[in-house]
Structures are given as C-alpha cells and as structure tokens.
Amino acid sequence: MYSNYDVIVVGAGHAGCEAAHAAATMGSKVLLITMNMNTIAQMSCNPAMGGVAKGQIVREVDALGGMSGIISDKTMIQFRMLNRSKGPAMWSPRCQSDRMRFAEEWRLALERNTNVDFWQEMVSGLLIEDNKVVGVKTQLGIEFKAKSVVLTNGTFLNGLIHIGEKNFGGGRTAEGKATGITEQLVSLGFEAGRMKTGTPPRVDGRSLDYTKMEEQQGDENPSKFSYLDTPSLTEQRSCWITYTNHEVHDILKTGFEKSPMFAGRIKGLGPRYCPSVEDKINRFADKDRHQIFVEPEGWNTVEVYVNGFSTSLPEDVQYAALKKIPGFENVRMFRPGYAIEYDFFPPTQLKQTLETKLIENLFFAGQINGTTGYEEAACQGLMAGINAHQKAKDLAEFTLSRSEAYIGVLIDDLINKGTEEPYRMFTSRAEYRTLLRQDNADIRLTEKGYSIGLASEERLQKVNHKKEQTLELLKGLKGLKVKPEEVNPVLENIGTAPLREGTPIINLLKRPDIDISKLKTLTQEVASYLSNFTDEILEQAEINVKYESYIEKEQVMVNKLLKFENLKIPASFDYANLKAISNEGRQKLSKIRPATIGQASRISGVSPSDVSVLMLYMDR
C-alpha cells in the first residue's frame, strides 16, 4: 500500500529525532512514526540540555552533524558552563530550555528535511523475514516496508504510570502505552526487563514567592552548544534554589505506606543518581534538607519545573509537602509528579553499531537500551540512524571508540557491561576525559561526520580554520618574547615569580596563576597580538599549553591499547572449547560475542588471564 523506505524510525523523542535526521541527511528515505505528532521531541522531564558529561555529549552530537546543539541554542533561556573552577576536562555546558519552543524547532527542522515522511500511529509489531527486519506493522494493520528499522520507544513499551496507590497504562502523562513489540521480540529470543523513572510536579510560577529563594543567574558571557553560527543568548531568565525541611519530610513520610515504590508495586529499578524525593528522605535520613531547583519552563509560560522533587506519592501528599517549602506557601499545582515503569532490552544484545545481534537491520536507541537522559538518547539515536543508513545502502559501519568520544564510552559500556539500572553518563566513566573535552569535540569528530555525509562542508571549513588558527597562535606564543624589565612589575602585582631573563610568553602561560586574560596585561605588544584571535582560539591554545603533559600521557595510553582494539575476533569463534578460560568468562564471551580483544577485556566477568588465553588463540 505504501512505498518502501530505506529507514523507518519508531518513536519521535530525542533518539528518534536524531536518528531520522541523520539517516535522511545522509540520503536515506526515512519514515518517522510516532503515536502523537504533537509531542515530537517532547522534553518529558526537566526543560534543560547538557550538564556534567551530558554537555560533552551534546557537543559531540553537534560536531558529527546532529541537531541537538543547534535546537538547544535556538531555544535556550539560560546558559551556564559548569565546573569552571576545575580543569577543562570537567567543564560541562548546560542550558535551560524553552520546552515548547524546543519541540517546535525540532519538528520544523524535520519537516524541512525533504527525505523525512511522517506517520501518526502506534507500531504494534515488526515484519521479520529470515531473521531480518523488513518493515513494521501498525495498530491499524498497515504495513510499511524498509531496509532498516530503528526502535526508539522511550518509556512507552508497556508503560505503567504510578501516583500513590493509583496506576494506569501510559507512556507519558495523558498519553497511551505501546503494546505488541515487547511480546514479539521476546518470542524471537530477546531478553527484556523493566526499569523505572519519575518526574516531579509542575507548578504555577505566579503562586511562588521568589524573595524566599536564592537566585541562580546564567553566565555573564553565555556560550553555546553548536560549533555553527547559531544565535547568541543576549537575555536570560533566572532559575532559583530553595530547600526542603523537617516539616516537608514529615508530611512526605505520611504517604510512604501508599508509595508504590516502598509498597513493592514498582518492580523496575530507578536511576540511582536521580532518586525520588521520598527515596532521598529514606536513604539519607541524617540530612535536614535537600536542594530544590526551581526552573522556568520557557520565556512566556508560567509553568515551573520543581527539580529535585521527583515523586510518585499520592497527589494530596505531594501538594501538602510542597506548601511547606520556602517560597511555595501559596503554591498552585498544575499536575502531580509520577513514576513510570517501562520495558527495556539489556543492551548486551547489541553490536557496537546498535544493531541487534538476533535480527539483522534492526537497531535500538535510547531508553529501550536502559539509558536515562535526553543527551544519552540523542547520541544513541544519531549513531543508530547513521548505521541504519549505512546498512540500507550497503556501506561500512560507523563506530566510535572510548578514546574518540563520550559517545564511544557510552555505547561500549552498554554493549559490554550492560546495565541493571538506568544508565547515565558521568565524566568519571571516561578514562580519557582530558582528551574528550567539550571544547575540542569538533576537532575530534567533525571530519568523521563529514566523511560519511552527515557534517556539512561549512562545519569542516570551520574546524579546519580553528585548527590552523590554534597552531598559528601556539607558534606565536613560542616566538613572542618578553623582557624582565617589561613585565616584572605586572608579574609581582599578579603574585607570581619575576623573570630573571627574557622568555617566550608561552612559558608564562604554563604557570598555574597566569591565564590568557593576564597575559594581555603584560605589554601592549602582547595584548595587540592576542587581539587577533577569537576567544575560542585563545581558550583552545591555553588548554593545550597548560594541560600538554596530561594530554600527551593519555595519548600514549591510547596508543598502547589501540593494538588490542585492532585485534579482531571472528564472529563465529567457538568459546565453548576454550577450557583454559574460566566458566564465567566463557559464558560472558559466548553471550556478548565481542568483536575485538579490547572489547573482550572490558566485559564484566572476563578476567585478565582469560584475555591472555584469548590472545594466544588469536595469534594462532
């Protein structure tokens, strides 16, 4: 009935949008199927993008040619660079977003892509032939054919919403659940599980007293996510901070016996690093208070997101407790918080491309893989979309290693270690985080994105210009010298040791108490020279100078381990006969079937001695 597609994407959340955009931009004819065209790219939880490690992911998505950074820049209402007091490996961009405009911009961006078609309906099953997916079937019985299918179902697979003792099916508040896909996949041999996440109540900002809260303003000179010339933020809205107290905690405790989490009605595991407020009170009983971030949902709406108050307690308990928070005495609640349980598929069932091992041409991305967070979903959607296109066009697969991107770390963790709780990215998960900074994502990845037809010519030109300018500045810092009599008064005023002889200014920049801004105060000649470069180039050069030894050490580690990543293991390799490997090692290797020795070494339960035995067999 309907024309064949190269790629079908099921679900239009952050993963689905990136998957559809990537595949379509690269040349595939794409069908994006969603249960509700009005909730494309919906920010189901907090209206924000980025944060610690998550901000690095958004910049990586942008560097490869994805859209999350551009959409965020166009719709942000506040920007902050987190962890500025720490080293640049820890700097993480974060923005507060206009929820409605974010979704609108994403939909318009997809509609402008002539390779994207849309269909509004629930997908109830997959069309499978000879262990290959060939399309999908909808609730109405309509069949759409495709060469590749990407599932990005979010929290909709058999979603169950909990508020106190009440529960009802749904993938999101006021939206139905999706059925059929889990049951079919399990019948095909897939392993499935249940996870849980939650969201706080939304309130009327007109009913809050902000004089009782701490104001949290954006950066004085706000930056952006995208490496392209997206709009600069000239005006910002403040967020606010307040705290719970003993009175709030006591009221919340009255609802514990009706809590679906404590009563055992919720079976799925929730995100450990984003617990519900009742969980925080229970686990951290010694804490007198917990921080609450009061976040506006947009430029013009009065709706406010109560970050830190995620809960599934009865709505009357939620409301009574909210009223005891400073500034919330007269609060009006728009909708209560709730918890939601949903199906996921342990990601050890995936290849590094996010294609499933059991069914060819079928890809999973986002919360279906056990992750949590818009950013984690977006980068998986991007990679799945890229590889769904590559597979449909008989092109080489596209992957990223742990030393190339946080995206590589995330996927490697998922497919090798799996996850028993919603997976969230942290900088601590990346062993090469000095290399994987937010400032150099374009240098690391844009050429790769361009080579597969996703990143534009404009992006490539920009990153090449950035590299050339940075090298020119570094050369200039080595060649431009200053004399003691010129700069010692300034150095003494800064509180750093004076010079005894003339020196290149690059040596002064290596001092921990001197940055680029202080270099500009040394002499007029230095200030004049540095004025030839943008802030981005100045920052890039400063990081390269100050962290040169750390960067070199990590690169040496990467080079040493690279040989293991390049040692391929045949897909048909029989681990059962490797008696020298431990029983657990054999079981894990047989189940996950790693593609390389490096991948095998990161599987939980595979010991270093198991890897040594495996290497001996590969040598033979």
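Its first residue numbered 51, the sequence shown is counted upward by one per residue in the working numbering. Where is the CB? At the ideal position from N, CA and C, for every residue including glycine.
- Here the C-alpha atom of residue 650 lies approximately 7 Å from the C-alpha atom of residue 656.
- In this structure, residue 91 sits near residue 64, with a CB-CB distance shorter than 8 Å.
- Inter-residue distance for residue 497 and residue 143 is about 22 Å (C-alpha atoms, whole angstroms).
- About 6 Å separates the beta carbon of residue 361 from that of residue 328, a gap short enough to meet the 8 Å contact definition.
- Shortest Cα-Cα distance from residue 618 to any of 641, 631, 552, 648 involves 648.
- In the three-state reduction of the DSSP assignment, residue 293 falls in the strand class, which pools E and B.
- Taking every protein chain shown into account, the CB of residue 236 has fewer than 16 other CB atoms within 10 angstroms, so this residue is exposed.
- The shortest CA-to-CA distance from residue 527 to any of 521, 535, 510, 556 is the one to 556.
- DSSP places residue 357 in the uninterrupted beta strand (DSSP E) bounded by 353 to 357.
- The beta carbon of residue 264 sits closer than 7 Å to those of 290, 291, all from its chain and outside the five residues before and after it, given in chain order.
- Residue nearest to residue 499 within the set 76, 120, 296, 417 is 76 (criterion: CA-CA distance).
- Between the C-alpha atoms of residue 338 and residue 212 there is a straight-line separation of about 27 Å.
- The alpha carbon of residue 134 has as its nearest neighbour, out of 259, 589, 602, 384, the alpha carbon of 589.
- Your pair residue 269 and residue 129 checks out as a contact, with CB atoms roughly 6 Å apart and the cut at 8 Å.
- For residue 144, the enclosing beta strand (DSSP E) stretches over residues 142 to 147.
- Distance from residue 205 to residue 390 at the Cβ level is roughly 5 Å; contact confirmed, criterion being Cβ atoms closer than 8 Å.
- In the three-state DSSP reduction, residue 400 falls in the strand class (E or B).
- For the pair residue 344 and residue 468, the Cα-to-Cα distance works out to about 34 Å.
- Separation of the CB atoms of residue 156 and residue 121 is rounded to 5 Å, and the pair is thereby assigned contact status at 8 Å.
- In this structure, the straight-line span from the alpha carbon of residue 427 to that of residue 59 is close to 14 Å.
- Look at residue 633 here: in three-state DSSP terms it is helix.
- DSSP places residue 658 within a helical segment (H, G or I) once states are collapsed to three.
- For residue 71, the secondary structure class from DSSP, reduced to helix, strand or coil, is helix.
- If you look at residue 379, you'll find it isn't in any beta strand (DSSP E); DSSP assigns it neither H nor E.
- Proximity of the segment 371 to 385 to the segment 248 to 260 meets the contact definition, three or more beta-carbon pairs being nearer than 8 Å.
- Taking every protein chain shown into account, the CB of residue 473 has 16 or more other CB atoms within 10 angstroms, so this residue is buried.
- The way I'd put it, the segment 267 to 281 doesn't touch the segment 178 to 185; fewer than three beta-carbon pairs between them come closer than 8 Å.
- In the same chain as residue 375, and ignoring 5 residues on each side of it, the C-beta atoms closer than 7 Å to its own belong to 292, 294, 298, 342, in chain order.
- The beta-carbon distance between residue 363 and residue 319, rounded to whole angstroms, is 19 Å. This is too long to meet the 8 Å contact definition.
- Taking C-beta separations shorter than 7 Å and ignoring five residues to either side along the sequence, the partners of residue 579 in its chain run 526, 530, following chain order.
- Distances from the CA of residue 312 to each of 392, 215, 241, 322 were compared; the closest alpha carbon is that of 215.
- Pairing residue 105 with residue 488 gives a Cβ-Cβ distance under 8 Å.
- The Cβ atoms of residue 491 and residue 200 lie no closer than 8 Å to each other.
- Counting C-beta atoms within 10 angstroms of its own C-beta, residue 462 has 16 or more neighbours from the protein chains shown and is therefore classed as buried.
- DSSP, reduced to helix, strand and coil, places residue 195 within a strand of the structure shown.
- C-alpha of residue 280 to C-alpha of residue 569: approximately 30 Å in a straight line.
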